[in-house]
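Inspection log for the structure reproduced underneath, given as structure tokens.
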DNA sequence: ATTATATGTAAAGTTTATTTTACAAACATA
DNA sequence: TATGTTTGTAAAATAAACTTTACATATAAT
């Protein structure tokens, strides 16, 4: 699963810490997701989708499929 | 997080066991998600989206937001 | 060069998703 | 009624997501 969080975060001029705070997760969680260490939960994906005003499918790309 | 898996599954005339097999998860996982016991992982949500040919946002509705 | 801010990472712990096994309940149907 | 199929559920185990703490590296200033 790839994602565009780093780019979207840059476009919105947010640090990892600022984004983490808006999403109510830790900065390490944002970092790990950006670095592809794991995928976010579905609820967290929805939060990102809402914050960046983009569908989940636009933020995340399933590697298979 | 609510979802329409039970309805979509019925439309596609699949049992929980058949859907589970297509998604490569256990039947109990399908049951638990349908019954709202927990949310699927993001990769599993993508699999459901692909199988039912509907965007994730149409299958799942975030309770907050 | 120092100071401040941002990012990468690691270890240990908690919570949530998922599996396996197993059994009970509901439903159809012969 | 008896039999087969589907669904609900529960307990124990594993895996994955996430937190907290902590430290190291990198950047950007000026």
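Protein chains in written order, with the UniProt record's numbering: chain A, 1 to 65; chain B, 1 to 65. All C-beta atoms in this analysis are idealised placements derived from N, C-alpha and C, irrespective of residue type, glycine included.
Three or more beta-carbon pairs separated by less than 8 Å link the stretch 49-64 of chain B to the stretch 2-20 of chain B, which places the two stretches in contact.
Around residue 61 of chain B, the same chain offers 2 as residues with beta carbons nearer than 6 Å, after the five sequence neighbours per side are excluded. With fewer than 16 neighbouring CB atoms inside 10 Å of its own CB, residue 15 of chain B falls in the exposed class.
For residue 41 of chain B, the three-state secondary structure derived from DSSP is strand. Taking C-alpha positions only, residue 41 of chain A is separated from residue 39 of chain B by approximately 8 Å. In the three-state scheme derived from DSSP, where H, G and I count as helix and E and B as strand, residue 22 of chain B is classed as helix.
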